[in-house]
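Data block below; observations after.
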Amino acid sequence: MRAAFDGAVVRHGPTVLRVCRAVLGPGPDAEDAWSETFLSALRAWPGLPEETNVEAWLVRVAHRRSVDVVRRSVRSAAPAGGADDVAVLDEWAARSHGRNGSAWRGREGDDDDLGGHPIWDAVAALPTRQRLCVAYRYLGGLPYAAIAALTGGSEAAARRAAADGVAALRHTVDRATATGREVREPTLPDQTVPDQTVPDQTVPDQTEHTTRTQEQP
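If you read the sequence shown in my numbering, its first letter stands for residue 1216, the second for the next number, and so on.
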């Protein structure tokens, strides 16, 4: 069982990192969310049904741990879930922790090709709901019904937000190309994730462990 979990970290770690960076920007906040995602996953792993789509499940966990990171940062007491999560992330971005803050700029010497890539500026400029829907659909591969459950609203609204977000990103890239600025396609990281050492099982509980393991570890 431990070997299977280690394999899941290696196989799905890059996807989870991309999602965390899309939500929080490249930097320590995203790395914290990445780590906490797998701490939570480790605790829930023994009870995970065999038929679970592990990558999709981890993306849902990553959403919740990313929101947890923000809630600690802003000390928000707002209720969790759906539209409330989006509101918390929106507030965080407005306070310059995200959209206009240094967290979105990457770090000097970041060994991840995406860390300092200008595409993050375009991602950061998206409205929060669009950014989340784009990340969960095109990076995390979630169906729109699952995205709607995470962000609140209907499946149709999630589909529209994702489409609008992609259109805005394409417009930004096209505009940059038209003005003569070089915009290359970002090279997605292969195994460039924070320390992939699997945490031991003595860590504090990072989440409520319920019987609905597939949805909320």
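We put the beta carbon where it would ideally sit given N, CA and C, even for glycine.
A quick note: this is a predicted structure, and the numbers were derived from the prediction, not measured.
Cα-Cα, which of ARG1280, VAL1269 and THR1343 is closest to ASP1305?
THR1343
Quick one: residues in its chain with C-beta nearer than 8 Å to the C-beta of LEU1165, no 5 flanking neighbours on either side, listed in chain order?
This structure does not reach residue 1165, given that the chain is present from 1216 up to 1432, and the question cannot be answered.
Hey, how far is the Cα of ASP1221 from the Cα of LEU1263?
15 Å
Would you call the CB atoms of LEU1354 and VAL1234 closer than 8 Å?
yes
C-alpha distance - ALA1360 paired with ALA1218, whole-angstrom precision
31 Å
Determine the DSSP secondary structure at PRO1261, reduced to helix, strand or coil.
helix
What is the DSSP secondary structure of THR1267, counted as helix, strand or coil?
coil
Return no unless some Cβ of chain D is closer than 8 Å to the Cβ of VAL1285.
Annotation note: the requested chain D is absent from the structure, which comprises a single protein chain.
Based on Cα-Cα distance, which residue from GLU1266, ARG1287 and TRP1260 lies nearest to VAL1276?
TRP1260
What three-state label does DSSP hand SER1369 in the structure shown?
coil
In whole angstroms, what is the alpha-carbon distance linking GLU1270 and HIS1227?
6 Å
Please classify ASP1309 as buried or exposed, where buried requires at least 16 other C-beta atoms within 10 Å of its C-beta.
Checking the sequence shown, residue 1309 turns out to be Ala, not Asp. By the neighbour-count rule (16 or more Cβ atoms within 10 Å), ALA1309 is not buried but exposed.
For ALA1223, the first and last residue of its enclosing alpha helix (DSSP H)
1217 to 1239
In angstroms with no decimal places, state the Cα-to-Cα distance between VAL1231 and ASP1389.
28 Å
Taking the C-alpha atoms as reference points, what is the distance between ARG1287 and GLU1266?
33 Å
Please name the residue in ASN1268, SER1281, ARG1258 and VAL1274 whose C-alpha comes closest to that of GLU1246.
SER1281
Report the CB separation of TYR1351 from VAL1274 in whole angstroms; it is logged as a contact under 8 Å.
6 Å
Name the residue from LEU1347, ASP1336 and VAL1338 whose alpha carbon lies nearest to the alpha carbon of ALA1373.
LEU1347
Over what stretch of residues does the alpha helix (DSSP H) that includes LEU1354 continue unbroken?
LEU1354 -> no alpha helix (DSSP H), and no H or E assigned at all.
If you measure between the beta carbons of TRP1307 and PRO1241, is that distance less than 8 Å?
no
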